[in-house]
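**Student:** In UniProt numbering, the protein residues as written are 1 to 140.
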Amino acid sequence: MPSTRETVLAALHARLQPLAALTLRDEVLPERIPAAGLIILRDGQPGEPEVTLSPLRYHYQHRAELEVVVQAGTGRASAFDDLIGAIGAALEADRTLGGLCDWVEPEAPASVDLPVEGAATLKAAVITVVLHYTTTGPLA
1 MPSTRETVLA ALHARLQPLA ALTLRDEVLP ERIPAAGLII LRDGQPGEPE VTLSPLRYHY
61 QHRAELEVVV QAGTGRASAF DDLIGAIGAA LEADRTLGGL CDWVEPEAPA SVDLPVEGAA
121 TLKAAVITVV LHYTTTGPLA
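Put into structure tokens, the structure is as follows:
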């Protein structure tokens, strides 16, 4: 049986699957970026939980990361903005990931343009997504 952490991360990954961009989990950056863009979910860190007693519960603010990449010769900024907006809409549509989280909160992206020799420039950002969830133990 998967842990709560894995269940929540899998639900986040599934939530992003319907987007036009290719969505991967913990993969290396491919050589080619799809025309609709690329999202790579990185598991991130659960951090130190707050612990409550009676009953014993561990309350995490897990910081997962979405690496978002768009490559285009023209209209790169617009395509990037559209993809960021689609991610935001997907997360806002279900802030609890079907009841698995107490709350899902994305942070604002800080974008960067990355030149690629002999190809169109990449526009990329890392979006931290804070997943608030509770477990019965640090390994559960």
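We put the beta carbon where it would ideally sit given N, CA and C, even for glycine.
Which same chain residues end up closer than 6 Å to T128 when comparing Cβ atoms and leaving out the 5 residues on each side of it in sequence?
**Tutor:** Reading the sequence shown from its first residue, position 128 is the one you call residue 128. Answer for T128: R63, E65 and E107, listed in chain order.
**Student:** Using C-beta distances below 7 Å, list every residue in its chain close to C101, excluding the 5 sequence neighbours before and after it, in chain order.
**Tutor:** Position 101 of the sequence shown, counted from the first residue, corresponds to residue 101. Here the set comprises V8, L131, H132 and Y133.
**Student:** In chain order, which beta strand (DSSP E) runs of at least 3 residues are fully inside the stretch 13-62?
**Tutor:** The stretch 13-62 contains these whole beta strand (DSSP E) runs: 22-25, 38-45 and 50-52.
**Student:** Please confirm if the stretch 65-79 is in contact with the stretch 108-124, defined as three or more CB-CB distances below 8 Å between the two stretches.
**Tutor:** The answer is yes - the stretch 108-124 touches the stretch 65-79, with three or more Cβ pairs under 8 Å.
**Student:** Measure the CB-CB distance between L91 and V70 and report whether it falls below 7 Å.
**Tutor:** Counting from 1 along the sequence shown, the entry for residue 91 is found at position 91. Counting from 1 along the sequence shown, the entry for residue 70 is found at position 70. Cβ atoms of L91 and V70: not closer than 7 Å.
**Student:** Return the bridge partner residues of A79 from the DSSP annotation.
**Tutor:** Taking the first residue of the sequence shown as 1, we reach residue 79 at position 79. Answer is none; A79 lacks a bridge partner.
**Student:** Quick check: the Cα distance between D113 and P30, rounded to an integer number of angstroms?
**Tutor:** In the sequence shown, counting from the first residue as 1, residue 113 sits at position 113. In the sequence shown, counting from the first residue as 1, residue 30 sits at position 30. Whole-angstrom Cα-Cα distance: 17 Å.
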